[in-house]
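Residue numbers (our numbering): 245 to 521.
Now the structure itself:
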C-alpha cells in the first residue's frame, strides 16, 4: 500500500513539473479562513494491497489533499476539509476511527492563539445526526502537550449533551484513549555533559506516530498532527481513498491498537462540576 502511495505522489509531481506549486500571492491572513472546495478532484486507479487475499481489481476513487491551502494547485482539497469530510462520511450508526500523535483544539505556535474547532465540531455532528460512534486514539509520549487533556475531556462532554434531552434522539458516542508505548518516559540522550541520564531509548521515539482517520467507507492517511498550525502554517499532503480493502485494513490496524494493553481510556469530566457555584 505504501509503495502505491509513493507512486501516486511521484506521478502527480511529474505532471506539474512546468508549473509553480505556489499562486501569485503568498501572504495569507491565517485567522480569516479559506473557502471550502466542495467537489475536490478525484482520480481513479487500481491499488495493490500486499498481504490481503482479495486484491482490488477495480479503479477506486482516491484523492490527495494538501496543507497549507496555498498548495491546492487550483483543484485539490484542503487537508483540513479532507479530515472533516472523512468523519462526515460515516454511515448511519457506523464507527469513525481517528489516530493521531498530537491533538489540540487551538494553534500551538502562533503568537496570537487561534481557536480550532473544525474536527471536534465534525465529531459532534456525526454523534448527533448519524448516531455514530467515534473512537479517538491519541499518543501519550515524552512531548505530550499539556492542555491536550482538557480539549479531549471537553469533547467527551458531547456524550452528556447527546443524552441530555428527550428531544435529542441521540444514540452516538465518543470514546478516547491514550496510547502509551512502554518506555516513552525514558527517551532522550543517554549521556548529557558526560553524565548518564538513565534514558534507554533515543529522543522522539516510543510513540505511535500515525495520523489517519477511517470511517465505514473512506480512509484518510495524513502527515499532520491534529493541531491548527499543521493545516495552515506547515506543508503536508494526505492520501485518501474509498477502496474497501484499504478501509478494512486500516480499521483492523486501528482496532489492534485500540484493544491493546497500551491503550488507556481518557476519563470524562464530571458533569456535576459544570453546575457548581
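In this text, a Cβ means the ideal position worked out from N, Cα and C, and glycines have one as well.
Item: Candidates 342, 361 and 411: closest to residue 330 by CA position; Value: 342
Item: Contact set for residue 531: own chain, Cβ-Cβ below 7 angstroms, skip 5 residues either direction; Value: Coverage of the chain is limited to positions 245 through 521, which leaves residue 531 absent and any answer about it impossible.
Item: C-beta atoms of residue 392 and residue 382 nearer than 8 angstroms; Value: yes
Item: Nearest neighbour of residue 328, chosen from 288, 457 and 345 [CA to CA]; Value: 457
Item: Environment of residue 437 [buried if 16+ CB atoms lie within 10 Å]; Value: exposed
Item: Ranges of the alpha helix (DSSP H) found wholly within the region 416–504, counting only runs of at least 4; Value: 472–476 and 488–502
Item: Bridge partners - residue 309, DSSP secondary structure assignment; Value: 321 and 482
Item: Euclidean distance between Cα positions of residue 361 and residue 434; Value: 39 angstroms
Item: Proximity below 8 angstroms, CB of residue 347 to CB of residue 308; Value: no
Item: Helix, strand or coil at residue 327 [DSSP, three-state]; Value: helix
Item: Which of helix, strand or coil DSSP assigns to residue 342; Value: strand
Item: C-beta atoms of residue 364 and residue 399 nearer than 8 angstroms; Value: yes
Item: Meets three-Cβ-pair contact criterion under 8 angstroms: the region 459–468 and the region 402–420; Value: no
Item: Outcome for residue 523 when other beta-carbon atoms lying within 10 angstroms are tallied against a minimum of 16; Value: Nothing about residue 523 can be read from this structure; the chain reaches only from 245 to 521.
Item: Helix, strand or coil at residue 278 according to DSSP, with G and I counted as helix; Value: Because residue 278 carries a pLDDT of 41, less than 50, the predicted location of this residue cannot be relied on, and no value is offered for it.
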